[in-house]
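A.B. asks:
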Amino acid sequence: MSIVVCPQPLAAEAARDVLEAGGNAVDACVTAAVVQGVVDPLMCGFGGYGVMSVRTADGEVTTLDFFGRAPLAAVEGEHSDKLRSEFAYDYGFVLEGGENEIGYGSIATPGTVAGLATALERFGSLPWAGVLEPALGVATDGYLVTHANREQWTSADGPDKPGAQTRLLYSEPGRAMFAPDGDLVAVGSRIRNGDLAETLRRLMKAGAADFYTGEVGRAIAADLRAGGSALTEADLTAFVPEVSAPLRGSYRGYGIAVPPLPSGGFSVLQALNVLEVLFPDGLPDWLSADGVAGTADALVAAIGDKFTHLAGSRDTALPIDDLLSKEHARELAAALRAGAADDENDTEPPSTTHVAVVDAAGNAAAVTHTLASGSGVFTPGLGFMYNNFLHGYDPRPGRWNSLRPGGTRPASMSPGFVTDAGGDLVGVFGATGSTRIVTSIVQVLSHLIDRSWDPHRAVSAPRINAQRDGRIQLEGRFPSDVVRSLTAAGRPVQQHLRNYDSYFGKAHVLWNAHGAGWEGVADPRADGGTALVATSPS
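Here my numbering is used: the first residue of the sequence shown is 99, the next is one more, and so on.
1. Where residue 195 and residue 105 are concerned, what is the direct C-alpha to C-alpha distance, given to the nearest angstrom?
2. Tell me whether the beta-carbon of residue 637 lies closer than 7 Å to the beta-carbon of residue 624.
3. Where does residue 368 sit, in a helix, a strand or coil, going by DSSP?
4. Given residue 643, which residues of its chain have a CB within under 6 Å of its CB, disregarding the five upstream and five downstream residues?
5. Contact between the stretch 563 to 578 and the stretch 388 to 407 is defined here as three or more beta-carbon pairs at a separation below 8 Å; is this criterion met?
6. Taking the straight line between their C-alpha atoms, what separation do you get for residue 442 and residue 301?
7. Give the DSSP-derived three-state secondary structure of residue 310 in the structure shown.
8. DSSP has residue 606 in a bridge; who is on the other side?
9. Whole angstroms is fine: what's the gap from residue 518's alpha carbon to residue 419's?
10. Does the count of Cβ pairs from the stretch 577 to 595 and the stretch 497 to 512 closer than 8 Å reach three?
11. Roughly how many whole angstroms lie between the Cα atoms of residue 368 and residue 349?
12. Can you grab the Cα-Cα spacing for the pair residue 446 / residue 600, in whole Å?
13. With the cut-off set at 7 Å, would you say residue 453 and residue 465 are in Cβ contact?
14. For the stretch 243 to 301, list the alpha helix (DSSP H) runs that are entirely contained and at least 4 residues long, ordered along the chain.
15. Output the residue ranges of the beta strand (DSSP E) runs that lie fully inside the stretch 189 to 236 and measure 3 residues or longer, sorted by chain position.
16. Considering only the beta carbon of each residue, do residue 341 and residue 162 sit closer than 7 Å?
17. Report all residues from its chain with a CB closer than 7 Å to the CB of residue 129; omit the five preceding and five following residues, and keep chain order.
18. Within 7 Å of any Cβ in chain D, is that where the Cβ of residue 173 sits?
19. Please work out which residues of its chain come closer than 8 Å, Cβ to Cβ, to residue 581, disregarding the five sequence neighbours upstream and downstream, and give them in chain order.
20. Can residue 128 be considered in contact with the ligand MN, in the sense that its beta carbon sits closer than 6 Å to one or more heavy atoms?
21. To which residues of the same chain is residue 619 closer than 6 Å at the C-beta, ignoring the five residues directly before and after it?
22. State whether the stretch 172 to 179 contacts the stretch 369 to 376, with contact taken as three or more CB pairs (one from each stretch) at a distance under 8 Å.
23. How would you call residue 444, buried or exposed, if buried means at least 16 neighbouring beta carbons within 10 angstroms?
24. Look up residue 625 in the DSSP assignment and say whether it is helix, strand or coil.
25. Are the CB atoms of residue 223 and residue 122 nearer to each other than 7 Å?
26. Shortest alpha-carbon distance to residue 366 belongs to which of 527, 255, 506?
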């Protein structure tokens, strides 16, 4: 049996059709990702970036990093005098005038087209034009605006940042598509994207390289230059995805494989290590103060440790093996018991999207891709928005994530795999939700492994978020006695009012417990699409 899961039903259906037509997991994953760029244009698309993990049937795992890159013309430290503050959440920097947040000055080299094309070239079985065909159909025929679309398009972006609607309507092509009568389109409206359809036709005919060095690439470079971006034809021509081995760790005897830095997989492994140290005999009941507090502690320790090291000089190599060791986890746990915590908040808006696929031959693929929160810029005639990845670069020189020519910076995306003690694939996972990606993945994996919950229960269970400040944010369904117990213990708590709150990370999981067969779950906190393809026994 083949199976695919992602937040958008239309993307899941397109991937299912590819699998039914004989495509493999990577073919289906790329198809779904391109369709997502049509139906979730503020979440992802050709102007974005991301990371993909691929596991072939023989067990070999490869990661493809196609994160955005800073302009080659960037001068390290050139904007340090404009630094007003760091974001109140996770990573990001507020510059005077907001040029790194919205508009042409916020755009990093888009990597999605190159990343998806590279995955298809290395691991796919279908031609590039074939996997783009479903997206062309959706762009031409249109899609209906869902409640999840509308909620995301009207969401606030936290302090010191423009809201999502400001981004969507920032440029004339965005206004023409999403507010043709002056008001943002309503739920149920049909959106057709003829410009994106033309771009798809061009790429289907000329190939993915056209996005960087051909007709599409020239249109991109000309518009970016006219808009004042530092990106040029040289940035597009130089962009190449980074292909590497995954980071590997273990949790309770299960193997975990995730992308290396700059992805968030590092923090997933660290948090699981700390959970294992704090609770060597297994986790407490989830709907209890001890269960919530213990998981929050592990998340705070891992995320805080990441930023302790990323705040340092890039000239100092990160001791990855040491930081992912069980011994270091014991050190982090000891610091927790001593009460160490940073003073930060987490109010970053929902963003990003994900696809996970397993095919009948045993190949698996998972991709997480995004626009960050979106630059608002559409090149006239191309039909897609560009990312605003540059807001996460430190304008101060010499740091691990400083803005420097051609460099990238940290992100939270963590698509990965779980294997059992015998090395067999039992899980494919990933999440959306920016800084809440890591926190949601850790919770779902602990539910699946520690509590042996089925994936439906694990994904839909009440969720928490805890970042560097130690504040525990709770979804509305947590019992009041849990909230009272945490408060009485001196834990800072914020309970959200909604039972399934889209603020929290949205996990998407494929799980095959004890060889019982694959189950796929799309998070109920967003539109969810899961598609199965039954196959005849061999």
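Idealized CB from N, CA, C, for every residue including glycine. From a predicted model like this one, the values you see are computed outputs, not experimental measurements.
C.D. replies: Taking the coordinates as given:
1. Across the structure, residue 195 and residue 105 are spaced so that their CA atoms are roughly 34 Å apart.
2. No answer is possible for residue 637: the residues shown for the chain start at 99 and end at 636.
3. Shown here, residue 368 sits in a helix according to DSSP, grouped into three states.
4. Any answer about residue 643 is impossible in this case: the structure gives the chain only from 99 up to 636.
5. Verdict: yes, contact present.
6. With a pLDDT of 40 at residue 442, under the threshold of 50, the modelled position of this residue cannot be trusted; read the value that follows with caution. Near 43 Å, if we compare the C-alpha coordinates of residue 301 and residue 442.
7. DSSP places residue 310 in helix when its eight states are reduced to three.
8. Within the DSSP secondary-structure output, residue 606 pairs in a beta bridge with 528, 620.
9. Their backbone Cα atoms lie some 22 Å apart in a straight line.
10. No contact exists between the stretch 577 to 595 and the stretch 497 to 512.
11. Going from the Cα of residue 368 to the Cα of residue 349 covers about 10 Å.
12. In this prediction, residue 446 has a pLDDT of 42, which is less than 50 and means its spatial position is unreliable; what the coordinates show is noted afterwards. Cα-Cα distance, rounded: 12 Å.
13. In contact: residue 453 and residue 465 (Cβ atoms closer than 7 Å).
14. Whole alpha helix (DSSP H) segments, 4+ residues: 245 to 251, 262 to 266, 270 to 276.
15. If only uninterrupted beta strand (DSSP E) runs of at least 3 residues are considered, those enclosed by the stretch 189 to 236 are 191 to 193.
16. A contact, by the Cβ cut-off of 7 Å.
17. If you ignore the 5 residues before and after residue 129, its C-beta comes within less than 7 Å of the C-beta of 112, 113, 116, 229, 232, all in its own chain and listed in chain order.
18. Looking at the structure shown, chain D is missing, and only one protein chain is on hand.
19. Sequence-distant partners of residue 581 (beyond 5 residues in either direction) whose C-beta falls short of 8 Å from its own C-beta, in its chain, are 572, 591, 593.
20. The model depicted lacks the ligand MN and carries no ligand whatsoever.
21. Non-local C-beta neighbours of residue 619 in its own chain, meaning closer than 6 Å and more than five positions away in sequence, comprise 553, 554, 557, 607, ordered along the chain.
22. The answer is no - the stretch 369 to 376 does not touch the stretch 172 to 179, with fewer than three Cβ pairs under 8 Å.
23. Interpretation of residue 444 is limited by its pLDDT of 39, a score under 50 that renders its predicted location unreliable; the figure taken from the coordinates is listed afterwards. Residue 444 is buried by the Cβ-count criterion.
24. DSSP places residue 625 in coil when its eight states are reduced to three.
25. Yes, Cβ-Cβ distance for residue 223 and residue 122 is below 7 Å.
26. Closest option to residue 366, Cα to Cα, is 527.
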